[in-house]
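Asker:
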Amino acid sequence: MINKIIVLGPTASGKTDLSIDLAKEIDGEIISVDSRQCYKYLNIGTAKPSAKQLNSVKHYNISVLEPGQKDSAENFRKRTEAYIKKIQTKHKKPIYAGGSTLHLRAVIQPFDKIPGANKENLEMLGRRLDEQGSEVLLRELREVDPEYANQMDGFNRQRVLRALDIYMQTGEPFSSFHSDEPVEPSDDMIVIGLHYPRDILYDRINRRVDKMLESGLVEETKTILELGYSKDLQALQTVGYRQVIEYLDGNLSREQMVRDIKTKTRRYAKRQLTWFRRWPFIKWLNAHEMTNMQLTDSVKQMVAGK
Numbered sequence: 002m003i004n005k006i007i008v009l010g011p012t013a014s015g016k017t018d019l020s021i022d023l024a025k026e027i028d029g030e031i032i033s034v035d036s037r038q039c040y041k042y043l044n045i046g047t048a049k050p051s052a053k054q055l056n057s058v059k060h061y062n063i064s065v066l067e068p069g070q071k072d073s074a075e076n077f078r079k080r081t082e083a084y085i086k087k088i089q090t091k092h093k094k095p096i097y098a099g100g101s102t103l104h105l106r107a108v109i110q111p112f113d114k115i116p117g118a119n120k121e122n123l124e125m126l127g128r129r130l131d132e133q134g135s136e137v138l139l140r141e142l143r144e145v146d147p148e149y150a151n152q153m154d155g156f157n158r159q160r161v162l163r164a165l166d167i168y169m170q171t172g173e174p175f176s177s178f179h180s181d182e183p184v185e186p187s188d189d190m191i192v193i194g195l196h197y198p199r200d201i202l203y204d205r206i207n208r209r210v211d212k213m214l215e216s217g218l219v220e221e222t223k224t225i226l227e228l229g230y231s232k233d234l235q236a237l238q239t240v241g242y243r244q245v246i247e248y249l250d251g252n253l254s255r256e257q258m259v260r261d262i263k264t265k266t267r268r269y270a271k272r273q274l275t276w277f278r279r280w281p282f283i284k285w286l287n288a289h290e291m292t293n294m295q296l297t298d299s300v301k302q303m304v305a306g307k
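Here this note's numbering = 1-based position in the sequence shown + 1.
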């Protein structure tokens, strides 16, 4: 019997709409598997569900952290344990929806035991970062753990320092703790993927970026900074916000900002798809050939038939 449903796919593939329609059909509630939607105020740039959508179906892991709080896939996994208990207490089905690969990995099969953080290592690495710059440490990470470095969307201070800390403690790359064994979902879990031909997906991405800007992405970023949050926060080191900040700082023209957001979002989608190809258990649906109602019915049939 299926007790957990995962709806995944690259950015702009329609996961939110499908998961909401599905939740209404099967009496489910949704857990956002997104590394940025968990932050307050980051609404437009993370493509959070609208207020209407959030009111139509109960969502978890949306706007639960302040932008200055640090987060990780393991912290997310721990939060999901509490979410699952709440959902099951109400006799509803949990639906995980998102595209953050490490978070999805943590849900499908928890990571191997990872050593705790070494305070001395992190302090030393932090000093080196401040003195030598991000590129030096990122280059070191690429040398000792190219797989993990390639997963990143630009420089992420917390992740780089933590990965180097793990290597200093164990002599093993951080990625080795994630991928030593094949990932397999439990028998009560089904993983659904939304597929689009590349040209259609890229067009969807471009149109989403245009919509975000029309909806006020620049103004939203200004507001976050005016609230006193640093532009160097982990939460803002993501495609969209990073380019807008560069524009606000006068380092990019508006036209170049738009081009960069679209280009880097497409590259991010490509990296997501590369990761998903490692998981043969994903049941892919050709989303471009189906309406949302047809997609919902197909998932219902899969859930009932497994």
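Cβ atoms here follow ideal geometry from the backbone N, Cα and C, with glycine treated the same way.
Note that the structure is a prediction, hence the values are computed from the model and not measured.
1) Which residue from 122, 149 and 144 puts its Cα closest to that of residue 276?
2) Suppose you measure from the CA of residue 77 to the CA of residue 225; what does that come to, to the nearest Å?
3) Based on the DSSP output, what are the partners of residue 303 in its beta bridges?
4) Please state whether DSSP places residue 127 in a helix, a strand or coil.
5) Please specify which runs of the beta strand (DSSP E), each continuous and at least 3 residues long, are wholly inside the region 23-102, giving them in chain order.
6) Identify the continuous alpha helix (DSSP H) that holds residue 232 and give its terminal residues.
7) Per DSSP, what kind of secondary structure is residue 276 in: helix, strand or coil?
8) Hey, is the region 82-97 in contact with the region 32-49, meaning 3+ C-beta pairs nearer than 8 Å?
9) If you follow the beta strand (DSSP E) that residue 8 is part of, which residue opens it and which one closes it?
10) Tell me which residues share the same chain as residue 205 and place their Cβ nearer than 6 Å to its Cβ, disregarding the 5 neighbours each side in the sequence.
11) What residue range does the beta strand (DSSP E) around residue 201 cover?
12) Taking the alpha carbon of residue 39 as the point to measure from, which residue in 65, 27 and 59 has its own alpha carbon closest?
13) Less than 9 Å between the C-beta atoms of residue 196 and residue 287, yes or no?
14) Which residue comes first and which comes last in the alpha helix (DSSP H) that contains residue 139?
15) Grab the span of the alpha helix (DSSP H) containing residue 161 for me, first residue to last.
16) Using only alpha-carbon positions, find the residue among 147, 260, 267 and 223 that is nearest to residue 246.
17) With 16 as the cutoff for other CB atoms within 10 Å, does residue 108 come out buried or exposed?
18) Counting along the chain, where does the alpha helix (DSSP H) carrying residue 246 start and finish?
19) Grab me the residues of residue 170's own chain with a C-beta within less than 8 Å of its C-beta, minus the 5 sequence neighbours each way, in chain order.
Answerer: So, from the listed chains and residues:
1) 149
2) 23 Å
3) Answer is none; residue 303 lacks a bridge partner.
4) helix
5) 29-34 and 94-99
6) Here residue 232 belongs to no alpha helix (DSSP H), and DSSP marks it neither H nor E.
7) helix
8) yes
9) 5-9
10) 13
11) Counting along the chain, residue 201 falls outside any beta strand (DSSP E), though it belongs to the alpha helix (DSSP H) covering 199-216.
12) 65
13) yes
14) 135-145
15) 158-171
16) 223
17) buried
18) 242-249
19) 116, 119 and 122
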